[in-house]
Every structure is written in C-alpha cells, then in structure tokens.
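*Asks:* Residue 682 in this note's numbering sits at position 220 of the sequence shown; the count goes up by one each step and never skips.
We put the beta carbon where it would ideally sit given N, CA and C, even for glycine.
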Amino acid sequence: MVHNFAPLSLATLGALVGLSGYQLDIRQMWIVVSFLLAAAGFVIGKYIRKLSISSYTDFLTGLWNRRYFYKRLGEEEICAGKRKTRLCVAMIDVDRFKAVNDTYGHLAGDALLKDLAALLKKNTRRTDIVTRWGGDEFAIIFAAASLDQAQEIMERIRHKIEETYHASYGLTISAGIIELEPDLDLKHLLIRADQALYEAKAQKNTVIAAAWRGGQNFGRARQQTDRAASGQN
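1. Comparing alpha-carbon positions, which option in ILE640, GLY543, ALA601 and LEU581 lies nearest ARG529?
2. The beta strand (DSSP E) spanning ASP555 covers which residue range?
3. Would DSSP call GLY733 helix, strand or coil?
4. Considering only C-alpha positions, which residue in the set ALA637, LYS622 and HIS568 is nearest to ASN585?
5. Between ILE603 and LEU535, how many whole angstroms is the CB-CB distance? I'm expecting something under 8 Å.
6. Would you call the stretch 627-645 and the stretch 664-674 touching, i.e. three or more CB-CB distances under 8 Å?
7. Would you say the stretch 546-555 touches the stretch 647-655, given that touching needs at least three Cβ pairs under 8 Å?
8. For the beta strand (DSSP E) that contains GLY638, what are its first and last residues?
9. Answer with buried or exposed for PHE531, where buried requires no fewer than 16 other C-beta atoms within 10 angstroms of its C-beta.
10. Whole angstroms are fine: how far does the CA of ALA606 sit from the CA of ILE635?
11. Would you kindly report the start and end of the unbroken alpha helix (DSSP H) that includes SER630?
12. CB-CB under 7 Å to LYS533, same chain, minus the five flanking residues each way: which ones, in chain order?
13. Let me know the secondary structure DSSP gives ALA658 once reduced to three states.
14. What three-state label does DSSP hand THR519 in the structure shown?
15. Per DSSP, which one or two residues make a beta bridge with PHE604?
16. I'd like the list of long-range same chain contacts for ASP572, defined as Cβ closer than 7 Å, with 5 residues on each side in sequence excluded.
17. Since I believe TRP526 is in contact with ILE427 (beta carbons under 8 Å), could you give me their beta-carbon distance rounded to a whole number of angstroms?
18. Taking ARG528 as part of the alpha helix (DSSP H), name the residues at either end of that continuous run.
19. How long is the line joining the alpha carbons of ASP557 and HIS628, rounded to whole angstroms?
20. Closest by CA to GLU614, which one among VAL562, TYR566 and THR668?
21. Sort GLU599, HIS650 and THR547 by Cα distance to ALA637 and report the nearest one.
22. Nearest to THR519 by alpha carbon, out of ALA664, THR626, SER630 and GLY596?
23. Looking at the strands, I want to know which residues DSSP matches up with ILE591.
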C-alpha cells in the first residue's frame, strides 16, 4: 500500500530539495534545510501511514474493519483470477452474545470480543484476512483456500471457542462459508455467505459450507456439533 512508503518517500523528497539548494553554493544553510526537510518528511509520512492504518482498523478488537474487508476482497478476487487459485469467505456470528451483555455487562462483553478476535487471529493462517464485521459478527477472507480447507479451519475455531467459552459464558459461534465461483460476483458471494450463516444460526454452534454452481446450490457440507456434549438441543 502507498501509505507504507510515505515516511521514506517524503524524507527522500525533503533531502532532494535540500541537495538541490546545496548545488547553488548556499551550502551550510542548505545542509541544515535538507536535514530539517528530510526529518519533517519522515515524521509526516509516519503520521500519514498511522492515519491510513487506523481508518482500516476496528478500535475495540484491533482487527481489520469492514471497510478493509471490502478493499481486500476486491484485491483477492483479482489475484485469484490471475493465479487461478481458490477464494472463500466466512461470515461468523457469536451465539447468545446479547445474554452475556445482559448478564455480565457491556465491559465484560467487550473483553470477550477482544478475546474472540485474538483467538480467530491465532487459529487462522498468516494469509487469511480476519475482520470485525460489526457488533458480535466477524468475517474472514480465506485466500488461496478451497471450501474444504476453509471449513476445516472454521470447524477447528468453532470447537476451540466451544471448549473455551461455552461452560463459563454459554458462548459458541455459528459460521457460513462460501467459495467464489466464476459465475458468482462479490455481491452475491456475500449474500450466499450470509444465507449459509443464517442457516447455521438456526442450529447454533454449527459451521455450514455451501458450494454453488451456475447460481444453484450444488451441495452443502455441514459440520455440526455434538449437542449432547455441549448441552444444546
């Protein structure tokens, strides 16, 4: 991204301006001016980079936000087309999160969201893009991953969250996963992912991965929980 190079670019520009004056034989003054311009350019560049990153970051969890999700999804779609690789998206919702806020308060709820965000980051690949969609919802872009691979990662996360938070807070997650197909644009990709999430939430503590071909549901792989173990019906 351009903002990553802002400090170096502005510092270099400042140095060049100063050096151009140096060639005009006002040497001592322009050495000082060169240094000041380079330093100012570096500081301003760092500030620009910080502002740019903060505009893409969720303030509570530190994850990327929805704005960044849309930006990167478009980029990853182009990349997948060029490299002939797969691309999947998962939409995630925390089951019964409102009950946590009602019982323990919003500060406890915020702390749990931070913990869940950290767990999502820790249990995904370096190339995956984990974002906070809003409220108690998250979204993940699985670059260069098949539907089966994305489902395997999400099922591992689902199990980890159930294992960690169900006994103490009654928390689990539901997730819907969809793979980008040649006849599916990004708008409809997200609609399909949301539909899969809606179906998963009807059961709760479930990951549903849906495959679509030609606008039709070609098949659905479903990972359901052991409800007897989790105490759910």
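*Replies:* Inspection of the coordinates gives the following:
1. Counted from its first residue, the sequence shown places residue 529 at position 67. That would be ALA601, whose Cα lies nearest to the Cα of ARG529.
2. Start at 1 with the first residue of the sequence shown, and residue 555 comes out as number 93. Note, ASP555: beta strand (DSSP E), 549-557.
3. It is not possible to answer for residue 733, since the shown part of the chain is limited to 463 through 695.
4. Here the question's residue 585 lines up with position 123 in the sequence shown. Nearest of ALA637, LYS622 and HIS568 to ASN585, Cα basis: LYS622.
5. In the sequence shown, residue 603 corresponds to position 141, counting from 1. In the sequence shown, residue 535 corresponds to position 73, counting from 1. Indeed they touch by this definition, with Cβ atoms about 6 Å apart.
6. yes
7. yes
8. In the sequence shown, residue 638 corresponds to position 176, counting from 1. Unbroken beta strand (DSSP E) run through GLY638: 634-641.
9. Position 69 of the sequence shown, counting from 1, holds the residue named residue 531. Buried, since its Cβ has 16 or more Cβ neighbours within 10 Å.
10. On the sequence shown, position 173 is the one that residue 635 refers to. On the sequence shown, position 144 is the one that residue 606 refers to. Distance between the alpha carbons of ILE635 and ALA606: 24 Å.
11. One-based indexing of the sequence shown puts residue 630 at position 168. 609-631 is the extent of the alpha helix (DSSP H) around SER630.
12. For this step, residue 533 is matched to residue 71 along the sequence shown. Cβ neighbours of LYS533 beyond the five flanking positions: none.
13. As a working mapping, residue 658 is identified with position 196 in the sequence shown. Correct three-state label for ALA658: helix.
14. Translated into the one-based positions of the sequence shown, residue 519 becomes position 57. Three-state result, THR519: strand.
15. For the purposes of this step, residue 604 is identified with residue 142 of the sequence shown, where counting begins at 1. The partner list for PHE604 (beta bridge, DSSP) reads CYS550.
16. For the purposes of this step, residue 572 is identified with residue 110 of the sequence shown, where counting begins at 1. Closer than 7 Å at Cβ, skipping near neighbours: LEU522.
17. Because the chain spans 463 through 695 in this model, residue 427 falls outside it and cannot be assessed.
18. Counting from one through the sequence shown, the residue named residue 528 turns up at place 66. Unbroken alpha helix (DSSP H) run through ARG528: 528-545.
19. Position 95 of the sequence shown, counting from 1, holds the residue named residue 557. Position 166 of the sequence shown, counting from 1, holds the residue named residue 628. Those two C-alpha atoms are separated by around 10 Å.
20. Translated into positions along the sequence shown, residue 614 becomes position 152. Nearest C-alpha to GLU614: THR668.
21. Locating residue 637 in the sequence shown gives position 175, where the first residue counts as 1. When only C-alpha atoms are compared, the closest one is GLU599.
22. For the purposes of this step, residue 519 is taken as the residue at position 57 of the sequence shown. Answer by Cα proximity: GLY596.
23. The residue you call residue 591 lines up with position 129 of the sequence shown. DSSP, once it has assigned bridges, lists ILE603 as partnering ILE591.
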